[in-house]
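Below is one structure, written out as structure tokens; the observations come after it.
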Ligand SMILES: [Zn+2]
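In our numbering, the protein residues as written are 63 to 810.
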């Protein structure tokens, strides 16, 4: 009896303790953590802290907001409120392999709003994952922004852990800004620079995905032996902005994504998975992680064989905005010969219509005065017999507000409407002797726009072209559209999923008509590799830097510089042209393109360019007296037209002879080999295809150099140089020259 009583009392006490501890737990848990092989992520009142063993950088937030949410009033689209994590305390609960932060009724200025936020922290392999959702139950307000999770207080010195950003083909930052050297400008085209924010006394870099300034959804603080990967594994590839900040006061860095969204009253928005990965190894580890994930989000376009074997294009403006005709249709036969003399096997037809370039869009009718439809069909057949393909131009987003009846009939209605109720537009004014053109920006999800653009692709195919270029569709960032007439909610984030769907539908439809027909666009981003076979480069890294800029990278004097390795290694299947708005290349551009597996381009835009190509006549500034934005003629005046024509052909022939590696192989950066050289002017990259590895060695300097390449597990087969055939692998490499060393894997 006594024993029964004891057991009874024990049970009561136990139950009481359990209840007490449960209550106490709910009130007292103000921090939680998740641990894996890479380290520990802790959430507390101070924010997010990441503990690592020191090989990968950790972070220690000092009361930085972990997230913020922006809402906008729907009645007049004017007022905005920003909720901050600093004003809101979560209920923390544990989950399968992590924890959840739940915020019910967000607080702003002491007042509660019916918006809920859940953030789910967990392990994803060796990485930390943050997902969640936002529920909006506030009438008349739409959630338009979510920033987070913010990782701040990152103890990474950029000299040892450079920041690599997916700006264009890639950009690397090796030095933090300071009041003395704010690094607020870069000389290379399309690069990012630091800006200063007075309010927070910090510097920041911002770039928009998907646009030419952010082409992928990941960045890294990448040391030689380890780094911190920060990437959005957002299968919808939604609109977002990288924010990387630097605080001089405590010498720390921060990183976050600012997402654009439109979560209407009564709706819920899924926060895409954010991966934070303190890894061991080189930056390639982050690239591999992103690539493996990316393949689960979309299928990369199967590029037709003819394009895989293509060297690049001659971008040809046939008729300019001021009606000046540079090339009639029949002249394209001669242009094809001129292109082949330089190794280029595609012609891009710009300004091929009655209106000329950047005029009367979206009217794209062959010009009777330039030879008419029959003339165009005939010449495209002719050049194809010579081995030259053709791509026909259409602007993917611009609608001319003057000169046609389309603007009033339909164009104005389907243009993007900004928050202030004004039509979004671009102004293109190219000549003093022709008026400026104001183009509305089409809202890409409108059926009317899709129908017009599809008809143009069908027309291009019927004319005998091998593809269509929808200009500009991988250049600009997504935006908000406030038009009530487009069949989407108001507001809506446009130029994101609507843009992918638009291109996907056209590309898929055209495959049913002609499987060899390709769709191109200008700019670059990873998600459009779903439908784009070749990109018309217009971004950092497609623009080839000057030799001073490239040398500053090699000798370590530049605080930030191009890093094309980043995109090309992550997506070796990328086919893009370099960008060179001139009728001639130089050795730097050609050698660079070879080393990074890029396709070449030349451009003929003006009458002076035509004379240069046909007569080797070097332009003078007066040749461009009526052009508003004068072309930079430094390049074209610095090269010997005949000599450079020869080298262009030699390099492109060399690429074609070795296309199994250079065009079709996988760019493998500096993996798999080592190079010994006394001078940092020599750089080398590897390409892999099956059992072969090619190592491209490039001497960027002014002197001959000796070097030695070692490829463990491989045997050297041969070495070759443009225009020289086989050469001795170990002889000195000439100034401003490239050599390919081909190695074969040893049989075990
Ligand atoms: Zn719209």
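Glycine is no exception: its CB is placed at the ideal position from the N, C-alpha and C atoms.
Nothing here was measured: the structure is a model prediction, and the numbers come from that model.
Output the boundary residues of the beta strand (DSSP E) element that contains residue i.
{"i": "residue 266", "result": "264–271"}
{"i": "residue 629", "result": "That residue, residue 629, is in no beta strand (DSSP E); its alpha helix (DSSP H) goes 627–632."}
{"i": "residue 534", "result": "529–536"}
{"i": "residue 91", "result": "First-last for residue 91: undefined, no H or E at that position."}
{"i": "residue 800", "result": "799–807"}
{"i": "residue 320", "result": "314–325"}
{"i": "residue 349", "result": "No beta strand (DSSP E) holds residue 349; the alpha helix (DSSP H) holding it covers 346–356."}
{"i": "residue 568", "result": "Looking at the DSSP string, residue 568 is not in any beta strand (DSSP E); the run it does join, the alpha helix (DSSP H), is 559–575."}
{"i": "residue 282", "result": "280–284"}
{"i": "residue 259", "result": "257–259"}
{"i": "residue 622", "result": "622–624"}
{"i": "residue 155", "result": "153–157"}
{"i": "residue 162", "result": "160–165"}
{"i": "residue 305", "result": "302–309"}
{"i": "residue 339", "result": "330–342"}
{"i": "residue 197", "result": "189–198"}
Would you kindly check if the distance between the Cβ of residue j and the Cβ of residue i is under 7 Å?
{"i": "residue 735", "j": "residue 757", "result": "yes"}
{"i": "residue 450", "j": "residue 395", "result": "no"}
{"i": "residue 645", "j": "residue 664", "result": "yes"}
{"i": "residue 572", "j": "residue 579", "result": "yes"}
{"i": "residue 605", "j": "residue 251", "result": "yes"}
{"i": "residue 101", "j": "residue 128", "result": "no"}
{"i": "residue 380", "j": "residue 409", "result": "no"}
{"i": "residue 594", "j": "residue 583", "result": "yes"}
{"i": "residue 591", "j": "residue 226", "result": "no"}
{"i": "residue 648", "j": "residue 495", "result": "no"}
{"i": "residue 423", "j": "residue 462", "result": "yes"}
{"i": "residue 359", "j": "residue 407", "result": "no"}
{"i": "residue 617", "j": "residue 742", "result": "yes"}
{"i": "residue 275", "j": "residue 282", "result": "no"}
{"i": "residue 222", "j": "residue 184", "result": "no"}
{"i": "residue 299", "j": "residue 337", "result": "no"}
{"i": "residue 717", "j": "residue 723", "result": "no"}
{"i": "residue 150", "j": "residue 169", "result": "yes"}
Given the structure, does residue i come close to ligand 1, in the sense that its CB is under 6 Å from one of the ligand's heavy atoms?
{"i": "residue 545", "result": "yes"}
{"i": "residue 505", "result": "yes"}
{"i": "residue 501", "result": "no"}
{"i": "residue 555", "result": "no"}
{"i": "residue 548", "result": "yes"}
Quick one: using the 10 Å Cβ neighbour count with 16 as the cut-off for buried, is residue i buried or exposed?
{"i": "residue 73", "result": "Reliability fails at residue 73, whose pLDDT of 47 lies under 50, so the model's placement of it is uncertain and the value that follows must be treated cautiously. Burial call: exposed."}
{"i": "residue 287", "result": "exposed"}
{"i": "residue 88", "result": "In this prediction, residue 88 has a pLDDT of 44, which is less than 50 and means its spatial position is unreliable; what the coordinates show is noted afterwards. Answer is exposed; the Cβ neighbour count stays below 16."}
{"i": "residue 153", "result": "exposed"}
{"i": "residue 602", "result": "buried"}
{"i": "residue 484", "result": "exposed"}
{"i": "residue 307", "result": "buried"}
{"i": "residue 262", "result": "exposed"}
{"i": "residue 704", "result": "exposed"}
{"i": "residue 497", "result": "exposed"}
{"i": "residue 207", "result": "buried"}
{"i": "residue 361", "result": "exposed"}
Under DSSP, the alpha helix (DSSP H) around residue i begins and ends at which residues?
{"i": "residue 555", "result": "Taken as a continuous stretch (DSSP letters only), residue 555 belongs to no alpha helix (DSSP H), being part of the beta strand (DSSP E) at 554–556."}
{"i": "residue 657", "result": "649–657"}
{"i": "residue 420", "result": "Counting along the chain, residue 420 falls outside any alpha helix (DSSP H), and DSSP gives it neither H nor E."}
{"i": "residue 521", "result": "509–525"}
{"i": "residue 719", "result": "703–719"}
{"i": "residue 609", "result": "609–616"}
{"i": "residue 699", "result": "696–700"}
What does DSSP give as the partner residue(s) for residue i in the beta ladder?
{"i": "residue 451", "result": "408"}
{"i": "residue 728", "result": "750"}
{"i": "residue 789", "result": "781"}
{"i": "residue 144", "result": "132"}
{"i": "residue 501", "result": "462 and 488"}
{"i": "residue 661", "result": "639"}
{"i": "residue 175", "result": "According to DSSP, which records beta bridges pairwise, residue 175 is partnered with nothing at all."}
{"i": "residue 239", "result": "Answer by DSSP bridge pairing: none, since residue 239 is not bridged."}
{"i": "residue 602", "result": "605"}
{"i": "residue 122", "result": "111"}
{"i": "residue 619", "result": "Paired residues: none, contrary to the question."}
{"i": "residue 776", "result": "807"}
Indicate, with yes or no, if ligand 3 has a heavy atom lying under 6 Å from the CB of residue i.
{"i": "residue 382", "result": "This structure simply doesn't include ligand 3; it includes ligand 1 instead."}
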